[in-house]
Ligand SMILES: [Zn+2]
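Numbering (my numbering), first residue to last: 354 to 435.
Encoded structure:
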């Protein structure tokens, strides 16, 4: 397991991605889905989720938090949703 992946294992957003990939044959390739988080993502998640998502098949992931912030994660980047 890569070190950065071990660091995100205990963050909910990352855990959801890893569990969903595991339930889907180990990949999220070609998928598009949304995570509605109950708290704003922490600094580590904002920094590491793009790499984790890319490693799991580069899905199009929309991350929404209770502040109303919406972010799109794809291609190792995280951008505000339009
Ligand atoms: Zn986090």
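Just so you know, even glycine gets a beta-carbon here, dropped at the ideal spot from N, CA and C.
Buried or exposed (CB count within 10 angstroms, at least 16 for buried), residue i
{"i": "residue 394", "result": "buried"}
{"i": "residue 366", "result": "buried"}
{"i": "residue 372", "result": "exposed"}
{"i": "residue 406", "result": "buried"}
{"i": "residue 403", "result": "buried"}
Close Cβ partners of residue i (< 6 Å) along its chain, the five nearest in sequence each way excluded
{"i": "residue 381", "result": "374, 409, 410, 412"}
{"i": "residue 432", "result": "425"}
Cβ-heavy atom distance, residue i to ligand 1, below 6 Å
{"i": "residue 397", "result": "yes"}
Residue i - partner residues in DSSP beta bridges
{"i": "residue 433", "result": "424"}
{"i": "residue 387", "result": "415"}
Chain-order list of residues whose beta-carbon lies under 8 Å from that of residue i (same chain, five-residue window excluded)
{"i": "residue 423", "result": "415, 416, 417, 433, 434"}
Closest Cα partner of residue i within the set the options
{"i": "residue 364", "options": "391, 376, 378", "result": "391"}
{"i": "residue 379", "options": "420, 397, 369", "result": "369"}
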